[in-house]
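For reference, the structure discussed in these notes is given below.
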Amino acid sequence: MLPNDSSRILLIFSGVARGSGWQHIGAFVNLGAFYLVAIPVALLLGFVLHMGGRGFVIGLTTGPTMQFVLLSLVTSLTDWQKQATIARERAIKGNFPADSDSIE
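End of the sequence shown sits at 222 in our numbering; the numbers just go up one at a time, nothing left out.
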């Protein structure tokens, strides 16, 4: 898969999370993927294993990879029928929440 293709797929999954009102999930995924995975792996490979710049690049590449894995899991494990029912009920009632925290 080309880097541009993987970036596009990651953008799609990020857009699904944002469009579904799950900005908080996207934020946690981003924080976890980069601060808990990518940066420690980059430091480990770059400094501890003495891989230098190559280790930093490999480590920081794990961030988007982790984002992809986590966002694809969230997307695939979502009950989309339930989400469609909730959206339909909101549209009929005209009840649209001002913030995303009230979306289940």
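Built from N, CA and C at the ideal position, the CB exists for glycine as well.
Between the CA atoms of residue j and residue i - distance to the nearest angstrom
i	j	result
L120	R126	Reliability fails at L120, whose pLDDT of 43 lies under 50, so the model's placement of it is uncertain and no value is given.
P182	L149	11 Å
L167	T196	39 Å
Q199	V147	24 Å
G139	V175	32 Å
L154	R206	37 Å
T180	R208	38 Å
G133	L161	30 Å
Residue i and residue j closer than 8 Å at C-beta
i	j	result
A156	G177	yes
I130	V192	no
Q201	L128	no
A145	L189	no
Continuous alpha helix (DSSP H) stretch holding residue i: start and end
i	result
L154	Looking at the DSSP string, L154 is not in any alpha helix (DSSP H), and its letter there is neither H nor E.
M184	G171 to S194
Residues near residue i in its chain [Cβ-Cβ closer than 7 Å; skip 5 each side]
i	result
G164	G170, G173, F174 and G177
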